[in-house]
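Position in the sequence shown (from 1) plus 527 gives the number in the working numbering.
Just so you know, even glycine gets a beta-carbon here, dropped at the ideal spot from N, CA and C.
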Amino acid sequence: MAIGPILPYLIKPLYYYLAIQVYLEGYLNIPPEKLNTFKGTVRLLFQPQTDTHVFYLNYDMMEIQNSKLYTPDNVTIPVTMKEIPEDQVLEFRTDTPLMKNKFYLIELNYKGKMRMDGSEGLFVGKHGAQSYASTKFEPHYARRMVPCIDQPDAKAIWKITVIHPKQTRAISNSERVKLIERKGWALTKFADTPKLSPYLLAIFVSNFKHFSGATKSGIKVRLFAPNFTIPRYKAIFEHSIRSLDFYTKYFDTPPMLEKLAGMENHGLISLNARTMDTDNKLTTVSHEISHHWIGNQATPKWWDDIWISEGLATFLSEHLPHLDKVFQLYQSMRTLLEYERALDANQGILLPLRTEIGWEELKRGRHAVLNYNVYNRGAMFMAMLHATMGTDSFRKATQLIVKNYINGTITTKDFYNVYGYYANATDSPRDFERFCKSWVEQAGHPLVNVRTVVGGVELSQERDFNSERIHPKYRAEAPFNYKYDIPIFYTTNTNEGNLVWLNLDDPTLFIPVGEDDIISVDPFGEGLYKVHYDRAWYEKWAKMCPEKKCQQDLFFKPCEEFLRVQMSYPLELRQKVIQTCGGLDHGFNSRHPHALRIA
């Protein structure tokens, strides 16, 4: 019988006692056959959720040496273990039933090889001649280091001990409470973690140096790195402290951290060298720190719901004013450009935000679960929701998600309920859940057509993608036939900050616009849709803006949009529009030096 990817809910994990020894090369005289291997002992305290003769744990790429089952008073219970490697499952059977809500303890001794390619699981990395051991478990690779119920909803407390070469230091999710050195080895014990999903478990063993600081609320922050001569490390360290302070205030909830050391893991964030060299490294740090609330404390119940935590984290890290003003301006412009490119990218397979994650997806690897769709498209949906609800209501809903589901799990339905509660007091649609479903449970995005008519403009929607690009699994599952409840944000030269709705069952929407006025739809890129203006709009705009000095920021998006469709317009109009765009936005010509090139 095939088992997985979700194990039968037969036992509830309560407490893992994990001791793991890493035979890291370069520090001790370790026999060749043990180099870059590990051995571990795990003792799991659990409660059966029903009377049962059988229960299961996940494991992968390790050798189980023995197993023992105990009652809490240390009486041994005969148990038979069966390995089912194709399902990455250990099956345990007893002659006498385990009783519901009683306490039991399973002990396993095992060993395995650390990964040498930096891939998922417990792996060995190198920085120059220095070796280090680190972990990368999301979404389902904790089972490569420790047998466990490797699911996001299987939260438990972890007590971790790491045995490592004495010349190295071990760090983990919680604070070190004891260090014992003996015969070239060090034994580091850590305090109990809060309830954590296995994928959030982390250890790091290295001889890296570190420097320390603290947030305003007293959370210790330490940054471990191989080389402190590079200024970017200091910037990341200072930004980490600012981000922790900001998010603590934003969520109105402490992050259940005593320390943060430097993958998203509770209490321990690791960044690779490639990330440190990118322009958006500070945004990446903010993203990972926000997960200490959305993701770690309030955790998606299953990978179907990961769009919630990743979409929120990406949105919050790029949109909220916790950075200096210069960085904010850069971020907002970069984000808008990225989102525009994302909407224009006709590559790959289109998926809904909420996708069904089964064995097929998990076996394809982390990028089948954690991809552009949940990060960027998820953030775009959150940006649209934020603009629809307003800053205050959106923040209150986000705070309630954390407070209501702290130490627990959230589902897409929970998200609809919580945000819908606060959306009722705003200009959100009458049917908030339908609005969300039209974006979350359908692939793709719409194109909003703006047609100039007498007295204003008429808006309509159509799908802006080829249905053949939709994953075959979802082509027949569009609940609204690829129509969307669309919030239309618009501004005119005389009237700013408007919101009206083009509902999925409305063929058109009329917006009145005066003869001496011009409308810009979604000027700040808050909507998860493209906008296409007709020829009459561009002719009016190219004529009016030089005369009336149109506001630069209101027409950034129409300028970018025009480049996509300019070849369908006469050359004279193209020249006028491009010149107008260059006059409004002095960076336009440098971004698009060949805007008027005719193919």
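Spatial neighbours of residue i within its chain, please: CB distance less than 7 Å, with the 5 preceding and 5 following residues excluded, ordered by chain position.
| i | result |
| --- | --- |
| N873 | Confidence at N873 is low in this model, with a pLDDT of 44, below 50, so its placement is unreliable and no value can be given for it. |
| H654 | P753 |
| E610 | I591, L617 |
| I1125 | Note that I1125 scores a pLDDT of 40, beneath 50, so its modelled location is shaky and nothing firm can be said. |
| V1027 | I1015, L1036, I1038 |
| S658 | L551, E552, G553, V651 |
| A950 | M916, S920, F959 |
| S844 | T810, S813, H814, S817 |
| L795 | I698, S699, N700, A729, F731, A788 |
Would you mind reading off the limits of the alpha helix (DSSP H) that contains residue i?
| i | result |
| --- | --- |
| G982 | Note, G982: premise wrong, no alpha helix (DSSP H); not H, not E. |
| N700 | That residue, N700, is in no alpha helix (DSSP H); it is neither H nor E in DSSP. |
| N944 | 939-950 |
| S817 | 808-817 |
| V967 | 959-967 |
| W886 | 886-890 |
Leaving out five residues before and five after residue i in sequence, what residues of the same chain have Cβ atoms less than 8 Å from its Cβ?
| i | result |
| --- | --- |
| L537 | P575, Q576, T577, T579, V581, F582, Y583 |
| V853 | Caution is warranted here: a pLDDT of 41 is assigned to V853, below 50, making its placement in the model unreliable, and the coordinate value is therefore given only provisionally. Excluding residues within five positions, none has a Cβ falling inside 8 Å. |
| E883 | D831, K1000 |
| T918 | none |
Taking Cβ to Cβ, would you say residue i is nearer than 7 Å to residue j?
| i | j | result |
| --- | --- | --- |
| F992 | A910 | no |
| F630 | P599 | yes |
| I1046 | T1019 | yes |
| L1031 | Y1011 | yes |
| P540 | L571 | yes |
| P781 | H819 | no |
| S767 | V812 | yes |
| T936 | T775 | no |
| L771 | I821 | no |
| R961 | P666 | no |
| N585 | L727 | no |
Taking residue i as part of the beta strand (DSSP E), name the residues at either end of that continuous run.
| i | result |
| --- | --- |
| H998 | Run containing H998: none; DSSP gives neither H nor E here. |
| H580 | 579-585 |
| L1036 | 1036-1039 |
| D919 | Careful: D919 lies outside any beta strand (DSSP E), inside the alpha helix (DSSP H) at 918-931. |
| F1007 | It is not in any beta strand (DSSP E) - F1007 carries neither H nor E in the DSSP assignment. |
| I1046 | 1046-1048 |
| R749 | 747-752 |
| W712 | 712-717 |
Considering only residues of the same chain and omitting the five flanking positions on each side of residue i, which have a CB-CB separation below 6 Å?
| i | result |
| --- | --- |
| E867 | Note on E867: pLDDT 49, under 50, position unreliable in the model; the coordinate value appears next. Only E1087 meet the Cβ criterion. |
| I530 | D614, V616 |
| K716 | T688, V704, K705 |
| I730 | T662, V689, S699 |
DSSP puts residue i in a beta bridge; with which residues?
| i | result |
| --- | --- |
| G1129 | Only positions 528 to 1126 of the chain appear in the structure, and residue 1129 is not among them; the question remains open. |
| L1026 | F1016 |
| S836 | Per DSSP, none; premise fails for S836. |
| W829 | Paired residues: none, contrary to the question. |
| M588 | Looking at the DSSP assignment, M588 forms no beta bridge with any residue, so it has no partner. |
| M608 | F619 |
| Y543 | L571, W685 |
| V732 | A660, A697 |
| K638 | K566, E590 |
| Q548 | K566, I690 |
| P973 | R990 |
Looking at chain D, is there any beta carbon in it that lies within less than 7 Å of the beta carbon of residue i?
| i | result |
| --- | --- |
| G1052 | You won't find chain D in this structure, because it holds only one protein chain. |
Exercise. Is the segment 567-578 close to the segment 534-553, with three or more CB pairs under 8 Å?
Worked result: yes
For this session: Take every Cβ of the segment 932-947, pair it with every Cβ of the segment 1084-1099, and state whether three or more of those distances are shorter than 8 Å.
Result: The segment 932-947 makes no contact with the segment 1084-1099; the number of CB pairs closer than 8 Å stays below 3.
Exercise. Are the segment 620-628 and the segment 675-692 touching by the rule of at least three beta carbon pairs closer than 8 Å?
Worked result: no
Exercise. Is the segment 740-747 touching the segment 667-681 in the sense that three or more CB pairs, one from each, lie closer than 8 Å?
Worked result: no
For this session: Mind the definition here: the segment 922-935 touches the segment 889-901 only if three or more C-beta pairs lie below 8 Å; say whether that holds.
Result: no
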